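These notes concern the structure reproduced below.
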Amino acid sequence: MTESNKDVRTIPDCKRRAAGPVVVIECFQKIPCDPCHEACNQGAIGAFDDINCLPEIDFEKCNGCGRCIPRCPGLAIFVVDETWKDDLALVKLPFEFIPLPCEGQRVYGLARNGVELCEAKVIRVENTKGHDRTPVVWVEVPRTLAMDVRHIRVGGTSLDEQED
Ligand code: SF4
Ligand code: SF4
């Protein structure tokens, strides 16, 4: 996704992304839905004037916690941390497929259209009762691809196995 075609209401600009982890909401269709607002205890996702409105985000209030990710039925919410480490970024994404990856496993980072973009390392898998069957997977990807990797394909070997 280029800077020019971002929706300014739901996509943080590069300056905000450079300041730390932040939500990215790729919700562009007006549908009757608003649990993202209820999920955010930081007040970063504004109240909806109309249930069909698109979410509006105050990126300065967002701390990148990811609580809103599993609450979105459209799987449209991500968190991106372009300050993660060196030339790597962290992407937190919803993942409703099986098998779930394991922490430390090498997977493939995919674009929105399913095209394979890069290898990615799984950092954490969140799958508590509160996630209500929408696990959130944290993956480490090249920083240049932080705004492009939006899904993963599981099928690699673990990094530990590779290093043996
Ligand atoms: S990531 Fe956390 S702080 Fe940011 S919008 Fe989602 S719930 Fe709110
Ligand atoms: S919960 Fe998801 S689909 Fe519903 S309005 Fe929020 S971002 Fe859009």
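Under the working numbering, think of the first position of the sequence shown as -4, with each following residue one higher. Idealized CB from N, CA, C, for every residue including glycine. Computed from a predicted structure; not experimentally measured.
State the start and end residues of the unbroken beta strand (DSSP E) segment that holds A84. Indexing the sequence shown from 1 puts residue 84 at position 89. Where A84 is concerned, the enclosing beta strand (DSSP E) stretches over 83 to 89.
Is C31 a contact residue of ligand 1, with contact defined as CB to any heavy atom under 8 angstroms? In the sequence shown, the residue the question calls residue 31 occupies position 36. It does: the Cβ of C31 is within 8 angstroms (strictly closer) of some heavy atom of ligand 1.
When the Cα atoms are used, what is the spatial distance from G99 to R66? Stepping through the sequence shown from its first residue, residue 99 is reached at position 104. Stepping through the sequence shown from its first residue, residue 66 is reached at position 71. Each residue's alpha carbon lies about 25 angstroms from the other.
For H126, list the residues DSSP reports as bridge partners. Taking the first residue of the sequence shown as position 1, residue 126 is located at position 131. In the DSSP output, where bridge partners are listed per residue, H126 has none listed.
For C57, is the beta carbon positioned less than 8 angstroms from some heavy atom of ligand 1? On the sequence shown, position 62 is the one that residue 57 refers to. For ligand 1, at least one heavy atom lies less than 8 angstroms from the Cβ of C57.
For R148, the residue or residues it bridges with in DSSP: Taking the first residue of the sequence shown as position 1, residue 148 is located at position 153. Per DSSP, Y103.
D76 - partner residues in DSSP beta bridges: Within the sequence shown, the letter at position 81 stands for residue 76. Answer by DSSP bridge pairing, in chain order: L85.
Hey, would you say A141 sits closer than 9 angstroms to D76, going by beta carbons? Along the sequence shown, read from residue 1 onward, the residue named residue 141 stands at position 146. Along the sequence shown, read from residue 1 onward, the residue named residue 76 stands at position 81. Yes, the Cβ-Cβ distance between A141 and D76 is below 9 angstroms.
Take the Cβ of I6 as the centre, count every other Cβ of all protein chains shown within 10 Å, and call the residue buried at 16 or more, exposed below. The residue labelled residue 6 in the question sits at position 11 within the sequence shown. I6 should be labelled buried.
Kindly identify the DSSP beta-bridge partner or partners of P68. Translated into positions along the sequence shown, residue 68 becomes position 73. Note: P68 sits in no beta bridge, so no partner.
Check the C-beta distance from L105 over to L95 and give it rounded, since I have them as a contact under 8 angstroms. As a working note, residue 105 is residue 110 in the sequence shown. As a working note, residue 95 is residue 100 in the sequence shown. Wrong, their Cβ atoms sit about 16 angstroms apart, outside the cutoff.
Starting from K116, trace the alpha helix (DSSP H) in both directions and tell me its first and last residue. Against the sequence shown, residue 116 aligns to sequence position 121. First-last for K116: 111 to 121, but that is the beta strand (DSSP E), not the alpha helix (DSSP H).
If we ignore side chains and look at the alpha-carbon of each, how far apart do D82 and V136 end up? On the sequence shown, position 87 is the one that residue 82 refers to. On the sequence shown, position 141 is the one that residue 136 refers to. Rounded to the nearest angstrom, the two C-alpha atoms are 9 angstroms apart.
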